[in-house]
Every structure is written in C-alpha cells, then in structure tokens.
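Novice: If you scroll down you'll find the structure; I have some questions about it.
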Amino acid sequence: MKSQNNKTLVYWSLLNFKDWNLYIAATEKGLCYVGSQNKPFEEFSKWAEKRFPGNPLVEDREMLNPYAAELMEYFDGNRKNFTIPFDYHGTEFQVAVWDALCEIPFGETKSYSDIAKYINKPAAVRAVGAAIGANPVLISVPCHRVVGKNGSLTGYRGGLEMKIQLLDLERQVKQLLPI
C-alpha cells in the first residue's frame, strides 16, 4: 500500500518471544528488516530513514503476524527454512549474496570465501563481507551462519553474543533431529 504522497508504507512491530526482543518490519512485498536482539527502536528507525527516506513507518502487529510466526517457530526449533517473502533493498551484488545465505543449510556454516565462490565471484571475499554486514533481515536471511575461513566467529550486525545464541540454537535442534 502507498501513502497519500505515493511512498511505500513500512510496517513494523516489536517481536517479544521468550528471551528474544527485536524489531521487525515489512512492506506489502515482504519482510524487509529484522533487528538485533534487545536493541532500541532507534536501530530500526535509523535503518528505515536510510533505506526508505521520508516514508511512513506504521506500527501494525497484525500485518507482521505471518513474519513473527515464522521467527517464533524458528526460536522454538520448529522451523529450519523460512517461506515468507522478502523485500530486499540492496544492490544486485548484495541481493545475490543475501540469496546465497539462504542456501546455507540449517545448523551448518560457510565461510566468506565459500559464499564468494557460490556466487561466482571468488576474488570478492571482502565485498561479500560488506554485503553480509549490510543484510537488513537478520535470522531469516541467515548471515549468522557465515564464519571465518578457519571457523572463527566473526562480526555480526546483531553482535557476537546474538550470533552465538543463534548458532547454538541450531546446533541443539540439529542434535535432536532423528538420523
């Protein structure tokens, strides 16, 4: 839906589930933002002003319910893949990287160089890192599954503590799965 001045409406809500508190946002086209755990509204509003300058931000829990439901299923260990639509706002290269992240299997990790090779840009490891750092849709677009080439945990927009929590959650769920 467009506002009266023909700008895309950005719907947002605070998702509270167990120990998880994060802002999520979507347009009519799909999920466009999942914020960092326990960060203030300002993290989202600064992102929105950069990506959607001057566009109306509309708090609407009902509009965000389908997205929140899949995230809560993930946190409960009942969802390994997301089926919700995304509304990415990035360069062609960034979108290619974000799409590649969605191909990393639940409970597994890949390196930055693995992602660069996957998108047929093996020399673009640093650019891949920058694109991953610009990922606006944490968790659903699983940039937490990207680690250093030696397996070390590297930067994460949500913070390393959040990255560790997500990787631990996936490891625990994967261990419970039947062989």
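Numbered per this note's numbering, the sequence shown finishes at 231, counting up by one with no gaps. We put the beta carbon where it would ideally sit given N, CA and C, even for glycine. Bear in mind that the values here come from a model prediction, so they are computed numbers and not experimental data.
1) Leaving out five residues before and five after residue 96 in sequence, what residues of the same chain have Cβ atoms less than 6 Å from its Cβ?
2) Going straight from the alpha carbon of residue 215 to that of residue 161, what length do you get?
3) What number of angstroms, rounded off, separates the C-alpha of residue 83 from the C-alpha of residue 128?
4) Please name the residue, chosen from 112, 94, 67, 85, that lies closest to residue 189 on a Cα-to-Cα basis.
5) Determine, using beta-carbon pairs with one atom in the segment 94 to 110 and one in the segment 149 to 166, whether at least three such pairs fall under 8 Å.
6) Using beta-carbon positions only, say whether residue 151 and residue 79 come within less than 7 Å of one another.
7) Given 8 Å as the limit, is there contact between the segment 189 to 204 and the segment 120 to 136, that is, 3 or more CB pairs closer than that?
8) Using C-beta distances below 7 Å, list every residue in its chain close to residue 156, excluding the 5 sequence neighbours before and after it, in chain order.
9) For residue 64, tell me which candidate among 117, 72, 58 has the shortest Cα-Cα distance.
10) Which runs of the beta strand (DSSP E) fall wholly inside the segment 191 to 224 and span at least 3 residues, in chain order?
11) Do residue 199 and residue 149 have their CB atoms nearer than 7 Å?
12) Counting C-beta neighbours from all protein chains within 10 Å, is the total for residue 172 16 or more, i.e. buried, or is it exposed?
13) Where residue 203 and residue 177 are concerned, what is the direct C-alpha to C-alpha distance, given to the nearest angstrom?
14) Can you say whether residue 101 is buried or exposed, counting buried as having 16 or more other CB atoms within 10 angstroms of its CB?
15) Kindly indicate which three-state DSSP category residue 163 falls into: helix, strand or coil?
16) Along the alpha helix (DSSP H) that carries residue 24, what are the first and last residues, could you check?
17) For the alpha helix (DSSP H) that contains residue 116, what are its first and last residues?
Specialist: Reading from the atomic positions:
1) Taking the sequence shown and counting its residues from 1, one reaches residue 96 at position 44. Excluding sequence neighbours, residue 96 sits near 75, 87.
2) Here residue 215 refers to the residue found at position 163 when the sequence shown is read from its first residue. Here residue 161 refers to the residue found at position 109 when the sequence shown is read from its first residue. So the alpha carbons of these two residues sit roughly 12 Å apart.
3) Sequence index remark: in the sequence shown, residue 83 carries index 31 (1-based). Sequence index remark: in the sequence shown, residue 128 carries index 76 (1-based). So the two alpha carbons sit approximately 20 Å from each other.
4) As a working note, residue 189 is residue 137 in the sequence shown. Nearest option by C-alpha distance: 85.
5) no
6) If you number the sequence shown from 1, residue 151 lands on position 99. If you number the sequence shown from 1, residue 79 lands on position 27. It is not a contact, given that the beta carbons lie outside the stated cut-off.
7) yes
8) Here residue 156 is taken as the residue at index 104 of the sequence shown, counted from 1. So the qualifying residues of the chain are 162, 194, 197.
9) Your numbering for residue 64 matches position 12 in the sequence shown. Minimum Cα distance to residue 64 is reached at 117.
10) none
11) To locate residue 199, count along the sequence shown from 1; it is residue 147. To locate residue 149, count along the sequence shown from 1; it is residue 97. Not closer than 7 Å, so no.
12) As a working mapping, residue 172 is identified with position 120 in the sequence shown. Under this definition residue 172 is an exposed residue.
13) By one-based count along the sequence shown, residue 203 stands at place 151. By one-based count along the sequence shown, residue 177 stands at place 125. For residue 203 and residue 177, the distance between alpha carbons rounds to 15 Å.
14) As a first step, residue 101 is located in the sequence shown; it is residue number 49 there, counting from the start. Exposed, since its Cβ has fewer than 16 Cβ neighbours within 10 Å.
15) Position 111 of the sequence shown holds residue 163. DSSP places residue 163 in strand when its eight states are reduced to three.
16) Here the chain comprises residues numbered 53 to 231, so residue 24 is not present and cannot be evaluated.
17) Position 64 of the sequence shown, counting from 1, holds the residue named residue 116. Here the alpha helix (DSSP H) through residue 116 covers 113 to 127.
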